[in-house]
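Notes for the one structure printed next.
In my numbering, the protein residues as written are 1 to 946.
Take a look at the structure:
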């Protein structure tokens, strides 16, 4: 919805650069970011990316990225900025379009070409300069020619795409003699004045792809970019070249390009083509290709092939199922009515959606017709696509294509496509009347991610207009909500950086506010669910199991948080459509809200780390070596200006009453190296020795063996001078530990120290319930009897030592359902005994939290839950009475947002303080966020008498 995306470029540019320093935690928020699904899951170099690398260096190179270290990422030269797999695929797909590969034949127009290509990349959320595009193509040429000359195909990961591009150029004849002389020069030789870079691009597994923007809202081709932007926008003046570093010049060029994209200049352009091949449509195509849904028509409507990540697939799957549920409910209701008129489906902002074709092929449109509305350019392109595709024409039957002056772009007996602006309601009504829409017939109005891009007043006018116009109607919308929590803030920043802000979320922040919005606008009934509730309640268990096993998956926190920030709503009018609810109520309430808070725990930043010394990672583990030293290892985070599995260790230390200071420390020697694992456990063996158990390198590649980490101090005892020696732990033969998201707890049996390893997940088992015991003194796995009813299998739970045993709380169960149970593994004379702890009031199920025992109370800190719209704080459970209470975290004195999942924590009982270390995650498609500072919680209010 291009007209809704005003180009407030100067604000965008300034805000982006300011946030680069003010919000050091977030990366890749320009576009929906993904891992490279194109890679084989078994490929060693790409495994890590599939689950944990949903952001990438590519987006870090954009000026809007607030997490980019300016020297190493944002202001790199154009030749060394990393291109991700997905971005390169998109780039080559753009070059393969007719107007581009024909232009490639004439070297005289390369500057124009790469400007236009950079503009197209911006449409997909990849912000590149023309020079970067040119340099990338030259590098691809080099790799391609090496394979043609006999080198191994692995040296050119995009050989097939390059070969197809070369073949297309050879097949396209030059238009004149001059063109014959220069034809294919770009692919066949390099200018002497500009020697080609010979070293291959290193194709890392970072990538990004899916940009969630309103369908049809991508920007247009920009031949005008070859002109002087100052001539188009006189208020733009060039700074002196000597005043700017390279990266700043790049940002200025981007600002010029965005200013040229302003609404007025777009209107002045002739021959503007608005692409419907936006990333959302590509995601739907990928969704079908991977078997999540059945859709034979998406590939016909959406050119280009990409493979999205499992996380993006799940997000689009639940969206597709929610809309499908509402459509089928409408068709079932209207199909049972004896009516002289046919039912109608009106899809607003439909883009390249294949709904009509899927329904028609399934035989569900015998008494129903479909109207679609989008901007004229979008609608005309879709009509042209249908006209050119025999398989689509076979579904529509005889049709007519409207002329350029008509709002009716396509017309068949049961399918019409209109080009109109949803903000101009009078014209929209006239267009629908002319296209034969009968306002008195039962009508389903669909609006997927449409209203939120309208100004609140215009969205309100549209909702009321539909209610007044259609007396028998069902209005279904799918949109975002919950802007106030940490995930919601990242989501809002993402869309602001796309220059497509989400409107109205502050006015209607949750499902109840959205319900009231429609009821007050004249709708008879209205119900709404967030997508967690929809997924658990209205998708059958066997279908959920099918989807959950389609691809390896390990991003549960991101999946549940995404679903909690989107909702599906159905509002109805008229007796026919209001009698039967679209979402049937369940016997038990899905909501399990925590008790009212008993108080607040104040939070404060306890470190003043610089960028190079801060701990910005998640999926790591921390261990308190001594009262003044906390050691952290592993996880996914920022290192040397890029996001990756972190190989450096982190030491948080302080002396006497000084503040905590963080530093990065490296591996000593070359014999052993940290293998990049995450979701492992670490146990202190001594002040200078740590044991690492389990973890994974990817969801199909568990970490190999246990590790022993020895910390060696420098001669001057300076923390920065310490080093770590990594060796394979000398465990005696026993069961191999090939799990992650498990727990390791120190317990005692017969006065002997053991490590109790419980739960987790593995490549073959979604959850584990195994109990393993490692004798610390001999480093041997032993069998110890465990009595009582075992807890159900779980992972991402918490575990902490208490009275010689282990407290296990929460976690994620076999059906990916958060758990609320708390168990105590009690030492007894014959071994250990499982006991269930009865808690009142009952607590909200959660996982990905941490836990500690403080003054006889079990503290559950942070985590993720799906049964409440509130944000997890600290749950306090008395271990003597079982009484629970809730405490919210007062974050007024710490940088916001603060994400409390995938974090670690360390308890300082004498100081009555809890340190929260690291944490964050990949916020679906909106970028990856790392908590920028170590935060301390004041526990003094939880004294012995409380």
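Beta carbons: idealized from backbone N, C-alpha and C, even for Gly.
Query raised in the report: Roughly how many angstroms separate the alpha carbons of residue 83 and residue 131, rounded to a whole number?
Result: Position 83 of the chain shown, counting from 1, holds the residue named residue 83. Position 131 of the chain shown, counting from 1, holds the residue named residue 131. In a straight line, the C-alpha of residue 83 is about 13 Å away from that of residue 131.
Query raised in the report: Are residue 848 and residue 864 touching if we call contact CB-CB under 7 Å?
Result: Residue mapping note: residue 848 aligns to position 848 of the chain shown, counting from 1. Residue mapping note: residue 864 aligns to position 864 of the chain shown, counting from 1. Against a cut-off of 7 Å, the Cβ pair of residue 864 and residue 848 comes out as a contact.
Query raised in the report: When DSSP builds the beta bridges, which residues end up paired with residue 847?
Result: Looking up residue 847 in the chain shown gives position 847. DSSP lists 864 as partners of residue 847.
Query raised in the report: From 690, 165, 711, 658, pick the residue whose C-alpha is nearest to that of residue 667; which is it?
Result: As a working mapping, residue 667 is identified with position 667 in the chain shown. Nearest of 690, 165, 711, 658 to residue 667, Cα basis: 711.
Query raised in the report: Roughly how many whole angstroms lie between the Cα atoms of residue 436 and residue 299?
Result: The residue you call residue 436 lines up with position 436 of the chain shown. The residue you call residue 299 lines up with position 299 of the chain shown. Approximately 29 Å between the Cα atoms of the pair.
Report task. Along the alpha helix (DSSP H) that carries residue 496, what are the first and last residues, could you check? Result -> Taking the chain shown and counting its residues from 1, one reaches residue 496 at position 496. Note, residue 496: alpha helix (DSSP H), 486-497.
Requested in this report: Write down the C-beta distance between residue 861 and residue 898 rounded to the nearest angstrom, noting that I regard them as a contact closer than 8 Å.
Outcome: Translated into the one-based positions of the chain shown, residue 861 becomes position 861. Translated into the one-based positions of the chain shown, residue 898 becomes position 898. About 12 Å separates the beta carbons of residue 861 and residue 898, which is beyond the 8 Å limit, so they are not a contact pair.
Requested in this report: State buried or exposed for residue 856, treating a residue as buried only when at least 16 other CB atoms are found within 10 Å of its CB.
Outcome: The count along the chain shown starts at 1 and reaches residue 856 at position 856. The residue in question, residue 856, is exposed, as its Cβ has fewer than 16 Cβ neighbours within 10 Å.
**Report entry** Alpha-carbon spacing of residue 845 relative to residue 819, whole angstroms
**Finding:** Start at 1 with the first residue of the chain shown, and residue 845 comes out as number 845. Start at 1 with the first residue of the chain shown, and residue 819 comes out as number 819. The straight-line gap from Cα to Cα measures roughly 5 Å.
Report task. Take residue 322 and list the residues in its own chain whose beta-carbon comes closer than 7 Å to its own, dropping the five residues that flank it on each side. Result -> What you label residue 322 is simply residue 322 of the chain shown in a count that begins at 1. For residue 322, where only same-chain residues beyond five positions count, the Cβ hits under 7 Å are 478, 531, 534, 568.
Query raised in the report: Just how far apart, CA to CA, sit residue 600 and residue 487?
Result: Walking along the chain shown from the start, residue 600 turns up at place 600. Walking along the chain shown from the start, residue 487 turns up at place 487. Looking at the two C-alpha atoms, the distance is approximately 21 Å.
**Report entry** Same chain, Cβ closer than 6 Å to residue 409, five either side skipped, listed in chain order
**Finding:** The residue you call residue 409 lines up with position 409 of the chain shown. If you ignore the 5 residues before and after residue 409, its C-beta comes within less than 6 Å of the C-beta of 379, 380, 383, 402, 417, 419, all in its own chain and listed in chain order.
Query raised in the report: Under 7 Å, do residue 425 and residue 354 count as touching if we go by C-beta distance?
Result: Mapped onto the chain shown, residue 425 falls at position 425. Mapped onto the chain shown, residue 354 falls at position 354. Cβ distance not < 7 Å, so residue 425 and residue 354 don't count as in contact.
**Report entry** Other residues of its chain near residue 508: CB distance less than 6 Å, five sequence neighbours each side excluded
**Finding:** Translated into the one-based positions of the chain shown, residue 508 becomes position 508. Same-chain partners within the cutoff: 514, 517.
Requested in this report: State the start and end residues of the unbroken alpha helix (DSSP H) segment that holds residue 463.
Outcome: Counted from its first residue, the chain shown places residue 463 at position 463. Residues 456-469.
Query raised in the report: Terminal residues of the continuous alpha helix (DSSP H) containing residue 560?
Result: Your numbering for residue 560 matches position 560 in the chain shown. Residue 560: member of the alpha helix (DSSP H) spanning 556-564, first to last residue.
Query raised in the report: Which residue's Cα is closest to the Cα of residue 563: 510, 663, 371, 595?
Result: Counted from its first residue, the chain shown places residue 563 at position 563. Nearest of 510, 663, 371, 595 to residue 563, Cα basis: 510.
Requested in this report: State the Cα-Cα distance for the pair residue 351 and residue 375, rounded to the nearest angstrom.
Outcome: Numbered from 1 along the chain shown, position 351 holds the residue referred to as residue 351. Numbered from 1 along the chain shown, position 375 holds the residue referred to as residue 375. Straight through space, the alpha carbons of residue 375 and residue 351 are spaced by roughly 9 Å.
Report task. Note down, one range per segment and in chain order, each beta strand (DSSP E) of at least 3 residues found wholly within the stretch 624-675. Result -> Counting only runs of 3 or more, we get 629-633, 636-639, 642-645, 649-653, 661-667.
Query - One or two residues paired with residue 447 in a DSSP bridge - result: What you label residue 447 is simply residue 447 of the chain shown in a count that begins at 1. Residue 447 has 348, 477 as its beta-bridge partners, per DSSP.
Query raised in the report: Taking only runs of the beta strand (DSSP E) that begin and end inside the stretch 370-414, which ones reach a length of at least 3 residues, in chain order?
Result: Entirely contained in the stretch 370-414, the beta strand (DSSP E) runs reaching 3 residues are, in chain order, 399-401, 408-412.
Query raised in the report: So residue 748 is in the beta strand (DSSP E); what residue range does that whole segment cover?
Result: Residue 748 sits at position 748 when you count from the first residue of the chain shown. 743-749 is the span of the beta strand (DSSP E), which, as asked, contains residue 748.
Query raised in the report: Roughly how far, in whole angstroms, is the beta-carbon of residue 990 from the beta-carbon of residue 582, given that I think they are within contact range, below 8 Å?
Result: Nothing about residue 990 can be reported from this structure: the residues present for the chain run from 1 to 946 only.
Requested in this report: Could you name the residues that DSSP lists as bridge partners for residue 710?
Outcome: Mapped onto the chain shown, residue 710 falls at position 710. DSSP, once it has assigned bridges, lists 689, 725 as partnering residue 710.
**Report entry** Environment of residue 838 [buried if 16+ CB atoms lie within 10 Å]
**Finding:** Locating residue 838 in the chain shown gives position 838, where the first residue counts as 1. Counting C-beta atoms within 10 angstroms of its own C-beta, residue 838 has fewer than 16 neighbours from the protein chains shown and is therefore classed as exposed.
Query - Burial state of residue 414 (16 or more Cβ within 10 Å) - result: Start at 1 with the first residue of the chain shown, and residue 414 comes out as number 414. Under this definition residue 414 is a buried residue.
Query - Start-end ranges of the alpha helix (DSSP H) lying completely within the stretch 285-350, minimum 4 residues - result: With a minimum length of 4 residues, the unbroken runs of alpha helix (DSSP H) contained wholly in the stretch 285-350 fall at 298-301, 310-335.
**Report entry** Selection from 933, 772, 526, 908 that minimises the alpha carbon distance to residue 891
**Finding:** Locating residue 891 in the chain shown gives position 891, counting from the first residue. Answer by Cα proximity: 933.
Query raised in the report: Going by the beta-carbon positions, is the gap between residue 621 and residue 869 smaller than 7 Å?
Result: Residue numbering aside, residue 621 sits at position 621 when the chain shown is read from its first letter. Residue numbering aside, residue 869 sits at position 869 when the chain shown is read from its first letter. Their beta carbons are not under 7 Å apart, which means residue 621 does not touch residue 869 by this criterion.
**Report entry** Counted within 10 angstroms of its Cβ, other Cβ atoms place residue 802 as buried (16 or more) or exposed
**Finding:** Numbered from its first residue, the chain shown carries residue 802 at position 802. Here residue 802 is buried. Its C-beta has 16 or more other C-beta atoms within 10 Å.
Report task. Tell me where the beta strand (DSSP E) around residue 809 begins and ends. Result -> Indexing the chain shown from 1 puts residue 809 at position 809. Taken as a continuous stretch (DSSP letters only), the beta strand (DSSP E) holding residue 809 covers 805-809.
Requested in this report: Please go through the same chain and pick out, in chain order, the residues whose beta-carbon is closer than 6 Å to the beta-carbon of residue 937, but skip the five residues on each side of it.
Outcome: Here residue 937 is taken as the residue at index 937 of the chain shown, counted from 1. Listed in chain order, the non-local C-beta contacts of residue 937 below 6 Å within the same chain comprise 601, 603, 914, local neighbours out to five positions each way being set aside.
Query - Near the ligand MG: residue 495 beta-carbon under 6 Å from a heavy atom - result: What this structure holds is no ligand at all, so the ligand MG is not there to describe.
Report task. May I ask you to report which of helix, strand or coil DSSP gives residue 553? Result -> Taking the chain shown and counting its residues from 1, the one referred to as residue 553 is at position 553. Of the three classes helix, strand and coil, the one that applies to residue 553 here is coil, per DSSP.
Query - Residues bridged to residue 852 [DSSP beta-bridge criterion] - result: Taking the chain shown and counting its residues from 1, the one referred to as residue 852 is at position 852. Note: residue 852 sits in a beta bridge opposite 859.
Report task. Check each candidate in 760, 745, 646, 750 and name the one with the smallest Cα separation from residue 737. Result -> Taking the first residue of the chain shown as 1, we reach residue 737 at position 737. If we check each option's Cα against that of residue 737, 760 comes out closest.
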